[in-house]
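Here is the structure we will look at, set down as structure tokens.
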Amino acid sequence: MTKRERGKVEKNWLEWVVFGVGLLLVVSTLAYLVYDGATSAGTPPEVEVTLGDPVEGGAGFLVPVRVVNRGGQTAEGVTVEVVLEAGGAPEPERGEFTLAFLPRGGTREGWVAFRTDPRAGRLTARALGYEKP
Numbered sequence: 000m001t002k003r004e005r006g007k008v009e010k011n012w013l014e015w016v017v018f019g020v021g022l023l024l025v026v027s028t029l030a031y032l033v034y035d036g037a038t039s040a041g042t043p044p045e046v047e048v049t050l051g052d053p054v055e056g057g058a059g060f061l062v063p064v065r066v067v068n069r070g071g072q073t074a075e076g077v078t079v080e081v082v083l084e085a086g087g088a089p090e091p092e093r094g095e096f097t098l099a100f101l102p103r104g105g106t107r108e109g110w111v112a113f114r115t116d117p118r119a120g121r122l123t124a125r126a127l128g129y130e131k132p
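Last residue of the sequence shown: 132 in numbering that gives the first Met the number 0, with the numbers rising by one and none dropped.
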């Protein structure tokens, strides 16, 4: 009667190595998630908006907008406003868009369209507001 027939199955060295690596991966992933959740979830969203170089498009001029969340929580419904103050215009031209969500440490990009050439004026951008999920 062999060991397998008696109900005792011995594992070979490869099975033990695979078991050890898998266990190490699971334990380290859980440790990271616990540490990350305990240390960074307390800070509110910190939304930063930066503008890229305007490009001429079919219906006017397009300005790329990059939005980064440097805070520790997700922001939902982030509304971004870009204002163009041109030298000869009586009122500034405005554009805005909304991001459904901006995760912590995340980056999203969008575009704003203007009729006037933004290179001839002054562009400013800001986040108008967001919701806490």
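Backbone N, C-alpha and C define an ideal beta-carbon position, used for all residues, glycine too. The structure displayed is predicted, hence computed values, not measured ones.
DSSP places GLY109 inside the beta strand (DSSP E), whose first and last residues are 106-113. Here ARG69 is near GLY104, since their CB atoms are less than 9 Å apart. Nearest in C-alpha terms to PRO132, of all of GLU75, TRP110, GLU80, VAL79, is GLU75. Residue burial annotation: THR73 is buried, with at least 16 other C-beta atoms found within 10 angstroms of its C-beta. With a beta-carbon spacing of about 7 Å, GLU80 and ALA124 fall inside the 8 Å limit used to define contacts.
Within the DSSP bridge table, the entry for GLY94 names VAL81 as partners. Secondary structure of PRO43 (DSSP, three-state): coil. VAL66 and LEU101 do touch by the CB rule: their CB atoms are close to 6 Å apart, below 8 Å. Here the alpha carbon of ARG114 sits roughly 27 Å from the alpha carbon of THR106.
Remark: C-beta atoms of VAL48 and ALA126 approach each other more closely than 9 Å.
According to the DSSP assignment, ASN68 belongs to the beta strand (DSSP E) that extends over 59-68. The beta carbon of GLY51 lies closer than 8 Å to those of VAL62, PRO63, VAL64, ARG65 in the same chain, with the five residues before and after it left out.
Inclusion of VAL82 and PRO89 in the CB contact set at 9 Å is not warranted, their separation being larger than that value.
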